[in-house]
Amino acid sequence: MCRTGCERAWTRQAPIQYPHPLEIDRSPSCTEPQSASRGPHPVEQLMPMSAAYTIAAALLSSLILYRFLKAVSHQTRLQGQSVLVIGASDGIGRAIAHLYAKRHSNLVLVARRHAVLEQVASECTALGCADVACIALDVSVESNVVRLREEVGRSMAGVDVLVLCVGVLGVKLFEEISPADACHMADKMMSVNVLAPIFISAYFLDMLKLSKGRIIIVSSTAGVLPAPSRAVYAASKYALNGFFKSLRIEIAKNGVSITIASPGTVDTDFRSKALDATCGSTIPSRLSTKDSAPPRRKKVEPAKVTPDAAAKYIVEAADRRDREIVFPWFYKIAMIISAIWPSFTDLLAKVKYGIK
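Position 255, counted from 1, in the sequence shown is what UniProt numbering calls 255; the numbers after and before it change by one each time, with no gaps.
Below, the structure written as structure tokens:
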């Protein structure tokens, strides 16, 4: 049967291919304005942000866990240390001994008064001290320090912490003291406040190197700020700080740290034991006030720090191996002002100590 030309052309034509619905071109066209083009789906935008939050949370959690485990490990290492406390009979030294006793440390307590040391030893034992020994002697005498080194060496292989909390005070204006008394006081003060710590450092440095230990120096703000009526005392503290700042550089390679603590007024009876005090003086027969001494205004007493609070500041700073600590906080501000405007600091010192 014959087919027409149109029929033959229709049979040869390729079938029409319709695109799959998912393959339809979504590009803008005349029927779809440019402003109607779509961006990424909101879910697609949230997925990268969610992943970033997850990673950040994981990193933060890891950091917190690391710091926590590090703190726990650090506190564990601080337990059961061998600690030598020079000047442990009262005040800050006594409070420091109590803190280390709570850590179950092995303590050697040193001071001049044996009966008082025994009392402190009993307190430390009650607080959990692993072992405590008392040695009564005057550390300003070199031969006594040699004997102390021998006795400590028999009970300890190394010293983890050496606490130097020794010192004597002077509370009168230098011009109020007779020349002979001033010279005698200066000799005694330098012997106790400067030479004794140097003697002890010299004989115990090898034991500190062995344990990569810590040296705690209980100094004073009189060693960093001008203090009228404390001229000789300030001289001894400046000398003390200078020695240990220099020594710190020398022994840093051995892993031994030195923390110099400079507290302000601490609520102890330290002032009543001043070398030049009229009452309770250690040398009352030698010290006399000149008749021409200028009148003094009433002193402005700042808030006093308790021995326990001072000990806590100091021991925590030593745990961190801090170089220096000055407290209370307003003394830090005074140090900054002193560097910028020293005459104003002098005025503040006059007001504090009642100097006209």
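Using N, Cα and C, we set each Cβ at its ideal position, and we do this for glycine too.
Item, Value
"Span of the alpha helix (DSSP H), counted from its first residue to its last, around S122", "H114 to A126"
"Own chain partners of V132 with C-beta closer than 8 Å, once the 5 adjacent residues on each side are dropped", "A101, N106, L107, V108, L109, A121, C124 and T125"
"Distance CB(K259)-CB(I198) smaller than 8 Å", "Residue identity check: residue 259 is Thr in the sequence provided, not Lys. In this structure, I198 does not lie closer than 8 Å to T259 by Cβ."
"Helix, strand or coil at S73 according to DSSP, with G and I counted as helix", "Its pLDDT being 47, under 50, S73 is placed unreliably by the model, and the measurement read from it follows with that caveat. It is helical."
"Neighbour flag for I340 against chain C, beta carbons, 8 Å", "The chain labelled as chain C is not found in the depicted structure, where only one protein chain is given."
"Length of the line joining the Cα atoms of P262 and A58", "First, the residue type needs correcting, since residue 262 is Ser and not Pro in the sequence shown. Going from the Cα of S262 to the Cα of A58 covers about 42 Å."
"Spatial distance of D206 from S143 (CA atoms)", "18 Å"
"Inter-residue Cα distance where the pair is K312 and A51", "44 Å"
"Cut-off 7 Å between Cβ atoms - residues of its own chain near F270, not counting five sequence neighbours on either side", "G91 and L169"
"Three-state secondary structure assigned by DSSP to P228", "coil"
"Where Y233 falls, given that 16 or more other Cβ within 10 Å makes a residue buried", "buried"
"Rounded straight-line distance, which links the Cα of I355 to that of C134", "42 Å"
"Cβ distance (whole Å) where A136 is taken to contact A111 below 8 Å", "7 Å"
"Complete runs of the alpha helix (DSSP H) confined to the region 137-175 [at least 4 residues]", "142-155"
"Where the alpha helix (DSSP H) containing S201 begins and where it ends", "A196 to S211"
"Own chain partners of A222 with C-beta closer than 6 Å, once the 5 adjacent residues on each side are dropped", "R230, Y233, A234 and K237"
"Residues bridged to C129 (per DSSP)", "C129 pairs with nothing; no bridge assigned."
"Extent of the continuous beta strand (DSSP E) to which V326 belongs", "E324 to F327"
"Within 8 Å, strictly: CB atoms of D160 and Q79", "no"
"Paired residues, beta bridge with C134 - DSSP", "L109"
"Rounded straight-line distance, which links the Cα of S272 to that of residue 363", "As shown, the chain starts at 1 and ends at 356. That puts residue 363 outside it, with no answer to give."
"Same chain only: Cβ atoms within 6 Å of M189, ignoring 5 sequence neighbours per side", "V168, V232 and S236"
"Where R214 falls: helix, strand or coil (DSSP)", "strand"
"C-beta atoms of R323 and R214 nearer than 8 Å", "no"
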